[in-house]
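Residue numbering for the sequence shown follows the working numbering, beginning at 14 and increasing consecutively. Below: one structure, written as structure tokens.
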Amino acid sequence: MKKTTLISLIAAVIGALDAIYLSWVKLSHNEILCAPGLGDCFTVNTSRYSEVYGIPVALFGLASYLLIIAILLGEARLPFLQENGRLALFGISLVGVIYSAYLSYLEEFVIHAWCPYCVLSAIMILIIFIASIFRLKEEGI
């Protein structure tokens, strides 16, 4: 497995675990664990921006990370993904980075609170996006 693929896979697994936790907190109505002084997870997680049509944003993140993991693992076995996986991963991660930037904007300028778990997710999708650019360059695209 190439270094860029491994980096993407590790970032996607971390992002998926993060999204699982955030989804569980949102759906179970449990209090989010956030160390004092590291942000205001409660405010972010209970804001109107934490859902889209009643679906927690974290579930969309989880679906994206699981799709990324499936593509990365499937590239070694499936001809379609061997041919198109790099470009698909670039597109998915580009959308993720743009949406994460929007959510980060909301945290800073609208909600006025930051959630370290959300920041972690934004960093993971950014790592995947950057790695996807390198993967495209490796392919000569």
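C-beta atoms are modelled at their ideal positions from N, C-alpha and C, and glycine is treated no differently. Quick caveat: nothing in here was measured; it's all calculated off a predicted structure.
Assuming residue i is part of the alpha helix (DSSP H), what are its boundary residues?
| i | result |
| --- | --- |
| C128 | From DSSP, C128 is part of no alpha helix (DSSP H); its letter is neither H nor E. |
| F103 | 92–118 |
| V57 | 54–58 |
| F73 | 70–87 |
Can you look up residue i in the DSSP assignment and give me helix, strand or coil?
| i | result |
| --- | --- |
| I33 | helix |
| E44 | coil |
Residue j and residue i - do their beta-carbons sit closer together than 8 angstroms?
| i | j | result |
| --- | --- | --- |
| T169 | A126 | Residue 169 cannot be examined here, being either before or after the span of the chain that is shown, 14 to 154. |
| I105 | I81 | yes |
| I20 | M137 | no |
| L107 | P69 | no |
| C131 | E120 | yes |
| A25 | I111 | no |
| S117 | A71 | no |
| C128 | N58 | yes |
Since residue i contacts residue j with CB under 8 angstroms, what's their CB separation in whole angstroms?
| i | j | result |
| --- | --- | --- |
| R90 | R148 | With 8 angstroms as the limit, R90 and R148 do not qualify as a contact, their Cβ atoms being about 17 angstroms apart. |
| Y78 | A135 | Incorrect: roughly 12 angstroms between the Cβ atoms, too far for contact. |
| A29 | L94 | At roughly 18 angstroms, the Cβ-Cβ gap does not stay under 8 angstroms, so A29 and L94 are not in contact. |
| F103 | I146 | 7 angstroms |
| L85 | L139 | Not confirmed; about 16 angstroms, so no contact. |
Can you find a C-beta in chain D that's less than 8 angstroms from the C-beta of residue i?
| i | result |
| --- | --- |
| L86 | The structure shown contains no chain D; it holds only a single protein chain. |
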